[in-house]
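A.B. asks:
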Amino acid sequence: MDVNSKVLEQTYVPAHLAIEAMRDNGYKNTAYAVAELIDNSIQADANCVELVCLEKDYQHTYKKMKRIEQIGILDNGSGMNLDVLSMALQFGNGTRLQKNQRSGMGRFGMGLPASSISQCKRVDVWSWQNGVESAIHTYLDIEEIKRTQNSAIPEPTLKEIPYIWREATNGFSNSGTLIVWSNLDRLMWSRGSTLIDNSENIIGRMYRKFLDEGSVKIRMATYDVEMLTQPLIDKQALPNDPLYLMKNTSCPAPFNNIPMFRPFGGENYEVKFTVDFQNEHHDIIVRISYASNEARDSENAGNTPHGKHASKNTGISIIRAGRELEIDKTLVLQSDPRERWWGVEIEFPPSLDELMGVTNNKQSARNLSDVLNLVDDIESLMRGGKTLNEIKSELEEEGDPRSPLIEVCHYVNNQIKQIRKLIKDQKIGSRANKRYDDVDAEKKATELTDIRKQKGLIGVSDAGEIKDPEEKQKFIEQELSDMGIENDIAKILSAKTISNNLKYLFAQAPLESNAFFTVRPCGGAINIMLNTRHPAYEHLIEVLEDDTVNCNQEQLIARLEKASKGLKLLLMAWARYEDELPDGDLKDQAKDARTDWGRIAKDFLKKY
Numbered sequence: 001m002d003v004n005s006k007v008l009e010q011t012y013v014p015a016h017l018a019i020e021a022m023r024d025n026g027y028k029n030t031a032y033a034v035a036e037l038i039d040n041s042i043q044a045d046a047n048c049v050e051l052v053c054l055e056k057d058y059q060h061t062y063k064k065m066k067r068i069e070q071i072g073i074l075d076n077g078s079g080m081n082l083d084v085l086s087m088a089l090q091f092g093n094g095t096r097l098q099k100n101q102r103s104g105m106g107r108f109g110m111g112l113p114a115s116s117i118s119q120c121k122r123v124d125v126w127s128w129q130n131g132v133e134s135a136i137h138t139y140l141d142i143e144e145i146k147r148t149q150n151s152a153i154p155e156p157t158l159k160e161i162p163y164i165w166r167e168a169t170n171g172f173s174n175s176g177t178l179i180v181w182s183n184l185d186r187l188m189w190s191r192g193s194t195l196i197d198n199s200e201n202i203i204g205r206m207y208r209k210f211l212d213e214g215s216v217k218i219r220m221a222t223y224d225v226e227m228l229t230q231p232l233i234d235k236q237a238l239p240n241d242p243l244y245l246m247k248n249t250s251c252p253a254p255f256n257n258i259p260m261f262r263p264f265g266g267e268n269y270e271v272k273f274t275v276d277f278q279n280e281h282h283d284i285i286v287r288i289s290y291a292s293n294e295a296r297d298s299e300n301a302g303n304t305p306h307g308k309h310a311s312k313n314t315g316i317s318i319i320r321a322g323r324e325l326e327i328d329k330t331l332v333l334q335s336d337p338r339e340r341w342w343g344v345e346i347e348f349p350p351s352l353d354e355l356m357g358v359t360n361n362k363q364s365a366r367n368l369s370d371v372l373n374l375v376d377d378i379e380s381l382m383r384g385g386k387t388l389n390e391i392k393s394e395l396e397e398e399g400d401p402r403s404p405l406i407e408v409c410h411y412v413n414n415q416i417k418q419i420r421k422l423i424k425d426q427k428i429g430s431r432a433n434k435r436y437d438d439v440d441a442e443k444k445a446t447e448l449t450d451i452r453k454q455k456g457l458i459g460v461s462d463a464g465e466i467k468d469p470e471e472k473q474k475f476i477e478q479e480l481s482d483m484g485i486e487n488d489i490a491k492i493l494s495a496k497t498i499s500n501n502l503k504y505l506f507a508q509a510p511l512e513s514n515a516f517f518t519v520r521p522c523g524g525a526i527n528i529m530l531n532t533r534h535p536a537y538e539h540l541i542e543v544l545e546d547d548t549v550n551c552n553q554e555q556l557i558a559r560l561e562k563a564s565k566g567l568k569l570l571l572m573a574w575a576r577y578e579d580e581l582p583d584g585d586l587k588d589q590a591k592d593a594r595t596d597w598g599r600i601a602k603d604f605l606k607k608y
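Per full-length UniProt numbering, the sequence shown starts with residue 1, numbered consecutively.
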């Protein structure tokens with residue numbers, strides 16, 4: 001028996017009783033299932049892929065509604081000969097199963113059949129290598145297998161491609177493959193417009209590198225089966241870059257044509273880690289970016305079209321062979337809408353599939369996610385005195401295969417923490433104008449201070465009052481600038497202090513001090529400088545003042561709980577401060593200060 005005959009003889013699918021269970025194979029949605037087929041197309045050197053939906057009107061209660069009847073994926077790749085097509089619908093078979101054959105996206109021999117039956121009950125495949133007239137065809141039909149209890153895949157035969165696909169596609173190349181899904185019973189989106197809208201975002205992100213360099217074009221179209229001359233939708237997928245460093249992307253204007261983020265680290269934003277795995281050296285590349293000032297310059301940047309676009313790309317993009325597996329959200333602070341303003345990309349080759357824990361549907365890298373989950377424990381061990389190399393060595397001794405990933409994940413976590421601080425300081429500046437539009441509290445405190453002055457309670461700031469408004473504004477502006485406030489923000493603060501005749505003004509800056517805030521007379525005003533580097537700022541001021549428009553109820557509750565805990569901890573810190581003071585004058589002075597502050601606070605708050 002020759003090899004080809006043996007291949008044909010072994011062409012089978014799992015027993016008819018098991019195939020239904022295999023439909024639940026974990027594809028997140030239809031777009032991820034389609035991506036398996038696009039992977040095959042790119043692996044077959046296709047530079048054009050078409051995703052075409054054919055819709056039909058169905059009567060739904062009192063009105064007609066369109067619903068997808070068939071989905072076709074066409075490419076102009078190298079096509080399959082009879083032997084390869086015979087294996088194409090086999091589970092666990094393929095041409096790139098061995099490690100030394102992994103040079104691209106393919107690997108598991110599960111993609112075509114598994115992704116197809118996750119969405120439909122029948123899949124037809126045509127493939128040709130010498131003109132479409134030579135197309136050979138085979139299929140997998142779940143209902144037929146269950147009915148006949150025959151698990152054999154039909155041997156490929158010459159069969160003409162149906163006329164409907166000749167009309168709905170842009171034509172057939174000399175070689176290529178057409179896959180058609182029908183009897184669709186598990187689509188997440190039943191209408192062509194919805195499927196394409198969602199697929200455009202996901203597929204555009206998965207294949208952004210190919211789309212950006214122009215090596216692949218992906219057409220997305222929808223037709224009514226009764227009118228194939230005019231598509232209902234016809235568009236080319238655009239790159240969707242979660243790092244927002246590419247041009248000509250799907251991000252809304254103006255950031256569709258200019259990068260919305262900037263590289264973190266400048267020219268050195270790309271960092272390479274060389275790991276040892278199975279006695280070979282492999283490179284893992286990390287790229288990091290963060291939002292430009294222009295992207296966050298509007299009053300509510302998170303609610304802009306580009307801000308909403310960024311919210312769908314929050315997390316760490318995991319890239320294998322140039323194709324994204326997923327956006328991993330392990331390190332994302334779910335309650336913080338500012339997480340959309342950074343991007344991280346981790347790219348690795350297929351030779352690291354086992355190390356990364358790549359799943360057979362190529363939707364995640366489980367081992368990488370597991371180690372990302374451990375970064376807090378790793379940092380705790382390091383604070384306890386262990387080095388990163390010692391932690392890696394201990395895991396290696398325990399036989400944990402994930403130890404090479406520790407350095408990568410530790411680096412990514414530390415970089416994200418730095419970016420969060422940068423983004424926080426960035427927003428403090430950009431929201432200064434908005435923050436000081438609301439001066440109700442400052443006005444009320446000014447009125448109450450005037451009453452106290454009338455009673456003869458005079459402060460140091462009152463004695464240094466500058467009477468001339470213009471001179472006073474210049475003095476306050478200069479004082480703020482000297483304290484490290486940016487010039488444009490200093491102008492905003494001084495102008496609003498004078499125009500509203502305020503006694504108090506708030507400013508915010510990263511101070512090199514353990515104090516939560518400082519108090520300083522300033523031309524007759526009292527400047528309260530909040531230290532943005534103090535944890536109290538994050539747990540109280542920031543959590544209550546930052547953008548809430550894009551927060552859901554759960555996120556708002558989480559913010560209030562955080563602020564409540566922050567306030568309690570602040571009061572307990574004062575309590576501990578008093579408790580540690582020795583009995584005597586110093587302790588009495590602290591108690592007196594607390595009492596006097598409380599008396600004035602009572603006066604201010606009860607009338608507000």
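Quick reminder that beta carbons are idealized off the backbone N, C-alpha and C, glycines included.
Treat the numbers as computed from the prediction; the structure is a model and nothing was measured.
Helix, strand or coil: how does DSSP classify phenylalanine 210 here?
C.D. replies: helix
A.B. asks: Quick one: using the 10 Å Cβ neighbour count with 16 as the cut-off for buried, is arginine 287 buried or exposed?
C.D. replies: buried
A.B. asks: Along the chain, where does the beta strand (DSSP E) containing proline 305 start, and where does it finish?
C.D. replies: No beta strand (DSSP E) contains proline 305, which is instead part of the alpha helix (DSSP H) from 305-311.
A.B. asks: Got a sec, what are the start and stop residues for the beta strand (DSSP E) alanine 525 sits in?
C.D. replies: 525-531
A.B. asks: For valine 412, verify whether its CB is less than 7 Å away from any heavy atom of the ligand PLP.
C.D. replies: Only the bare structure without any ligand can be found here, which leaves the ligand PLP out of the picture.
A.B. asks: Going along the chain, which residues of its own chain have a beta-carbon closer than 6 Å to the beta-carbon of glycine 26, five neighbours each way excluded?
C.D. replies: Counting only Cβ-Cβ distances below 6 Å, and skipping sequence neighbours, we find Asn361.
A.B. asks: According to the neighbour-count rule (16 or more other Cβ atoms, all chains shown, within 10 Å of its Cβ), is methionine 227 buried or exposed?
C.D. replies: exposed
A.B. asks: Round the Cβ separation of isoleucine 73 and valine 123 to the nearest angstrom and send it over; I've been treating them as touching at under 8 Å.
C.D. replies: So it is not a contact: roughly 10 Å between Cβ atoms.
A.B. asks: Which same chain residues, not among the five before or five after serine 5, have their C-beta less than 8 Å away from its C-beta?
C.D. replies: Because the pLDDT of serine 5 is 44, which lies under 50, any placement of that residue in the model is unreliable, and the question is left without a value.
A.B. asks: Starting from the N-terminal side, write out each stretch of the beta strand (DSSP E) that is 3 residues or longer and does not extend beyond the stretch 339-391.
C.D. replies: Secondary structure within the stretch 339-391: the beta strand (DSSP E) runs of 3 or more consecutive residues, fully enclosed, are 342-348 (chain order).
A.B. asks: Who are the Cβ neighbours of lysine 56 in its own chain at under 6 Å, not counting the five residues just before and after it?
C.D. replies: Glu69 and Val225
A.B. asks: With DSSP as the reference, identify every bridge partner of alanine 221, one or two as the case may be.
C.D. replies: Note: alanine 221 sits in a beta bridge opposite Val52 and Asp234.
A.B. asks: Can you tell which of His539, Asn150 and Asp468 has the C-alpha that lies nearest to the C-alpha of isoleucine 19?
C.D. replies: Of the listed residues, the one whose Cα sits closest to isoleucine 19 is Asn150.
A.B. asks: Quick one: is tyrosine 577 buried, meaning 16 or more other Cβ sit within 10 Å of its Cβ, or exposed?
C.D. replies: So tyrosine 577 counts as exposed.
A.B. asks: Closest by CA to leucine 238, which one among Pro231, Tyr207 and Met260?
C.D. replies: Tyr207
A.B. asks: Exposed or buried, what is lysine 591 when buried is set at 16 or more other beta-carbons lying within 10 Å of its beta-carbon?
C.D. replies: By the neighbour-count criterion, in which a residue is buried when 16 or more other Cβ atoms sit within 10 angstroms of its Cβ, lysine 591 is exposed.
A.B. asks: Please name the residue, chosen from Ile327, Arg186 and His534, that lies closest to leucine 511 on a Cα-to-Cα basis.
C.D. replies: His534
A.B. asks: If we require 3 or more residues per run, which beta strand (DSSP E) segments fall completely within the stretch 388-421?
C.D. replies: none
A.B. asks: Is the Cβ-Cβ distance between leucine 372 and leucine 331 less than 8 Å?
C.D. replies: Going by C-beta atoms, leucine 372 is nearer than 8 Å to leucine 331.
A.B. asks: Given a cut-off of 8 Å, decide if valine 344 and arginine 320 are closer than it, judged by their beta-carbon atoms.
C.D. replies: Their beta carbons are not under 8 Å apart, which means arginine 320 does not touch valine 344 by this criterion.
A.B. asks: Three-state secondary structure (DSSP) at serine 182?
C.D. replies: strand
A.B. asks: Using a 10 Å radius around the Cβ and a threshold of 16 neighbouring Cβ atoms, would you call arginine 296 buried or exposed?
C.D. replies: Result: buried.
A.B. asks: Count the other C-beta atoms from every protein chain shown that fall within 10 angstroms of the C-beta of glutamine 553, then say buried if there are 16 or more, exposed otherwise.
C.D. replies: exposed
A.B. asks: Verify whether the separation of the beta carbon atoms of leucine 211 and cysteine 53 is less than 8 Å.
C.D. replies: The Cβ-Cβ distance between leucine 211 and cysteine 53 does not fall below 8 Å.
A.B. asks: Between Met483, Ala495, Lys565 and Leu368, which has its C-alpha nearest leucine 530's C-alpha?
C.D. replies: Met483
A.B. asks: Would the beta-carbon of valine 408 fall within 8 Å of that of isoleucine 346?
C.D. replies: yes
A.B. asks: Taking the alpha-carbon positions, what's the methionine 80 to glutamate 397 distance?
C.D. replies: 46 Å
A.B. asks: For methionine 87, which of helix, strand or coil comes out of DSSP?
C.D. replies: helix
A.B. asks: On the three-state DSSP scale, how would you describe valine 132?
C.D. replies: The answer is helix: DSSP assigns valine 132 an H, G or I state.
A.B. asks: Going along the chain, which residues of its own chain have a beta-carbon closer than 6 Å to the beta-carbon of threonine 595, five neighbours each way excluded?
C.D. replies: If the five residues before and after threonine 595 are omitted, its C-beta is found closer than 6 Å to no C-beta atom of its own chain.
A.B. asks: On the DSSP letters alone, give me the boundaries of the beta strand (DSSP E) that isoleucine 327 sits inside.
C.D. replies: 323-328
A.B. asks: Would the beta-carbon of proline 404 fall within 8 Å of that of aspartate 276?
C.D. replies: Taking 8 Å as the cut-off, the Cβ atoms of proline 404 and aspartate 276 count as close.
A.B. asks: Is the separation between the beta-carbon of asparagine 498 and that of proline 521 shorter than 8 Å?
C.D. replies: The sequence given here has isoleucine at residue 498, not asparagine. Contact: no.
A.B. asks: Mapping DSSP to helix, strand and coil, what is tyrosine 577?
C.D. replies: helix
A.B. asks: Hey, serine 116 and tryptophan 189 are a contact pair by Cβ (cut 8 Å); roughly how many whole angstroms apart?
C.D. replies: In fact, because the Cβ distance is near 17 Å, the residues do not count as touching under 8 Å.
A.B. asks: Give me the Cβ distance between arginine 191 and glutamine 119, rounded to the nearest whole Å; I'm assuming they're in contact under 8 Å.
C.D. replies: Incorrect: roughly 15 Å between the Cβ atoms, too far for contact.
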